[in-house]
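First residue of the sequence shown: 1, per UniProt numbering; consecutive thereafter. Some notes on the structure that comes next.
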Amino acid sequence: MIIREASFLSSNTQVAACPAPDRPEYAFIGRSNVGKSSLINMLTGRLGLAKTSSTPGKTQVINHFNINNEWYLVDLPGYGYAKVSKSSRADWGKMINAYLTKRENLTCVCVLLDSRHAPQAVDLEFMEKLGEAGVPFIMIFTKTDKQSTSQTKALLADYLTKMGETWDELPRHFVTSAETGLGRDEVLDFITEINRQVAADAASA
């Protein structure tokens, strides 16, 4: 996929206020400081499209981006640790849950996971909730440039083994680096593939 257009559309706290659900939508989410904004900028080839910060919890709203006038990329608030009040985290939780369960054109959730860490309970629980709700998702492992390839492979194997304890069929996964561009083509090819499926399903409906 060639990214010809990547522009910010809107920020919202209510699902009803989001852009018209007239195209496939891919939502990116992960624990605070997982490298979400950097990954979005790498995928779109637009430095600064998503605002990066060393402060966890920077994203506090549902951010929509228009990609090629064909699909929406959505930057969701992170979950887990953030230097905000418990009430704010509770509000984010409600907002994210409403989005994930009510957004009718949500095509896939891209769950970002730091490749340097063993499986974290908060990530496993989040993906379990997606599965229970029937929300399609993939796993995207980030920050692989921060360690050796062998370390990444070992941690990835541990992660998939842990997932296999509760999942009959593992979700697709991708290995990425915002610094080197690793995984960019694979993730965008996946989105292209799913967009074609959505279009074919719509045509045959």
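Beta carbons: idealized from backbone N, C-alpha and C, even for Gly.
Can you list, in chain order, the residues of its chain whose CB lies under 8 Å from that of residue i, leaving out five sequence neighbours each side?
i: Leu170; result: Leu160, Met163 and Gly164
i: Phe190; result: Ile138, Arg172 and Phe174
i: Leu182; result: Thr144, Asp145, Val175 and Thr176
i: Lys94; result: none
i: Leu39; result: Phe28, Leu112, Ile140, Thr142, Thr176 and Ala178
i: Glu5; result: Asn66, Ile67, Asn68 and Asn69
Count the other C-beta atoms from every protein chain shown that fall within 10 angstroms of the C-beta of residue i, then say buried if there are 16 or more, exposed otherwise.
i: Ser177; result: buried
i: Gly134; result: exposed
i: Ser32; result: buried
i: Leu73; result: buried
i: Arg184; result: buried
i: Leu49; result: buried
i: Leu100; result: buried
i: Thr152; result: buried
Sorted by chain position, which residues of the same chain lie with C-beta nearer than 7 Å to residue i's C-beta, five sequence neighbours on each side aside?
i: Cys108; result: Tyr26, Pro136, Phe137, Ile138 and Ile194
i: Met127; result: Val111 and Phe137
Identify whether residue i lies in helix, strand or coil by the three-state DSSP scheme.
i: Glu128; result: helix
i: Asn195; result: helix
i: Asp114; result: strand
i: Thr142; result: strand
i: Ser177; result: coil
i: Asp22; result: coil
i: Asn12; result: strand
i: Ile2; result: coil
For residue i, which residues from the same chain have a beta carbon less than 6 Å from its beta carbon, with the 5 sequence-adjacent residues on both sides left out?
i: Gln120; result: none
i: Gln60; result: Pro77
i: Ser54; result: A caution first: Ser54 carries a pLDDT of 45, below 50, which makes its placement in the model unreliable, though a value can still be read off. For Ser54, where only same-chain residues beyond five positions count, there are no Cβ hits under 6 Å.
i: Leu47; result: Asn41
List the whole-angstrom C-beta distance separating residue i from residue j, where the pair is believed to meet the contact cut-off of C-beta under 8 Å.
i: Glu104; j: Pro21; result: 5 Å
i: Phe65; j: Ser7; result: 7 Å
i: Val187; j: Leu43; result: 6 Å
i: Met110; j: Ile62; result: What sits at residue 110 in the sequence shown is Cys, not Met. 14 Å between Cβ atoms; not a contact.
Going by C-alpha to C-alpha distance, which of the options sits closest to residue i?
i: Val122; options: Ile96, Ala50, Tyr79 and Asp145; result: Tyr79
i: Phe141; options: Arg116, Trp167 and Ser11; result: Arg116
i: Asn68; options: Lys94, Ile3 and Tyr99; result: Ile3
i: Leu156; options: Thr144, Trp167 and Thr166; result: Thr144
i: Ala16; options: Gly30, Ile96 and Thr149; result: Ile96
i: Thr180; options: Leu124, Thr13, Asn41 and Ala98; result: Asn41
i: Lys102; options: Leu130, Glu125 and Ala118; result: Leu130
i: Trp167; options: Gly45, Leu47, Leu9 and Leu124; result: Leu124
i: Met1; options: Asp201, Thr192 and Ala202; result: Thr192
i: Gly30; options: Ser204, Leu106, Ala98 and Asp75; result: Asp75
i: Leu9; options: Trp71, Thr149 and Gly35; result: Trp71
i: Ala118; options: Ala200, Thr149, Glu132 and Asp158; result: Asp158
i: Asp114; options: Val34, Ala154 and Thr152; result: Val34
Does the beta carbon of residue i sit closer than 8 Å to a beta carbon anywhere in chain C?
i: Asp145; result: The structure shown contains no chain C, having only a single protein chain.
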